[in-house]
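Q: Numbering (full-length UniProt numbering), first residue to last: 1 to 177. Have a look at the structure that comes next, please.
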């Protein structure tokens with residue numbers, strides 16, 4: 001990072017922090033249906049999934065997010081911290097639900113500070129797991145979208161979880177509506 005980039009990044013972090021504070025506690029992704037915004041690029045999921053494994057993977061991802069929230073309730077949200085996985089899980093759920101997720105909303109949903117979110121999104125982007133897309137109507141806003149490689153790797157993780165569950169005698173995660 002060049003030294004002249006620092007003031008710009010500080011301003012971006014400040015604006016994102018103000019936006020996060022100004023957003024009243026909103027229902028989480030898991031509590032209410034999200035508004036659907038069709039993604040124009042990088043979505044390979046069919047409009048209505050009939051593949052049981054896709055539905056199961058989505059359920060596992062949502063269950064994982066809920067389990068982490070319950071864990072944080074029990075221990076506090078400052079003990080366990082895994083921003084990259086939180087970002088990937090949130091983006092995976094939105095990918096499967098065919099909804100777009102702004103970077104600001106992603107940071108709020110993943111329960112990470114905006115500055116941390118921006119750093120981790122940049123790293124995930126550098127690793128080829130996330131793409132940023134500018135909002136065509138609002139240049140101040142951008143969206144984070146999983147790459148095909150990230151989708152494949154998250155799904156492999158979901159498949160491994162489901163296989164572990166089968167080995168433990170847990171047939172499937174209950175359907176989450």
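Using N, Cα and C, we set each Cβ at its ideal position, and we do this for glycine too.
Can you give me the start and stop residues for the alpha helix (DSSP H) that residue 170 sits inside?
A: First-last for residue 170: undefined, no H or E at that position.
Q: Quick check on this structure: which residue in 165, 157, 164 and 150 has the alpha carbon closest to the alpha carbon of residue 95?
A: Among 165, 157, 164 and 150, the Cα nearest to that of residue 95 belongs to 150.
Q: If you count every other CB in all the chains shown that lies within 10 Å of the CB of residue 87, and 16 or more means buried, which is it?
A: Buried.
Q: Quick check: what's the CA-CA separation for residue 166 versus residue 70?
A: Those two C-alpha atoms are separated by around 23 Å.
Q: Which residues mark the beginning and the end of the beta strand (DSSP E) in which residue 132 is found?
A: Looking at the DSSP string, the run of the beta strand (DSSP E) that includes residue 132 is 130-134.
Q: Are the beta-carbon atoms belonging to residue 57 and residue 152 less than 8 Å from one another?
A: Their beta carbons are not under 8 Å apart, which means residue 57 does not touch residue 152 by this criterion.
Q: Taking the Cβ atom as the reference point for each residue, do residue 84 and residue 124 lie within a distance shorter than 8 Å?
A: Cβ distance < 8 Å, so residue 84 and residue 124 count as in contact.
Q: In angstroms, rounded to a whole number, what distance separates the CA positions of residue 73 and residue 67?
A: If I take the Cα positions, the gap works out to 10 Å.
Q: Where residue 178 and residue 92 are concerned, what is the direct C-alpha to C-alpha distance, given to the nearest angstrom?
A: Summary: the structure shown does not reach residue 178, with the chain confined to residues 1 through 177, and so no result is reported for it.
Q: Determine the direct distance from the alpha carbon of residue 121 to that of residue 90, and round the result to whole angstroms.
A: So the alpha carbons of these two residues sit roughly 12 Å apart.
Q: On the CB-based measure, 16 or more other CB atoms within 10 Å of its CB, does residue 21 come out buried or exposed?
A: Caution applies to residue 21, whose pLDDT of 48 falls short of 50 and renders its modelled position unreliable; the value that the coordinates give is listed next. It is exposed - the Cβ of residue 21 has fewer than 16 other Cβ atoms within 10 Å.
Q: Apart from the five residues just before and just after residue 161, which ones in its own chain have a Cβ nearer than 8 Å to its Cβ?
A: 60 and 64, listed in sequence order.
Q: Between the C-alpha atoms of residue 128 and residue 110, what's the straight-line distance to the nearest angstrom?
A: Spanning the two alpha carbons is a distance of roughly 20 Å.
Q: My output table needs one value for residue 29: the three-state DSSP class, helix, strand or coil.
A: At residue 29, the pLDDT of 43 sits below 50, so the modelled position is not reliable and the matter cannot be decided from this model.
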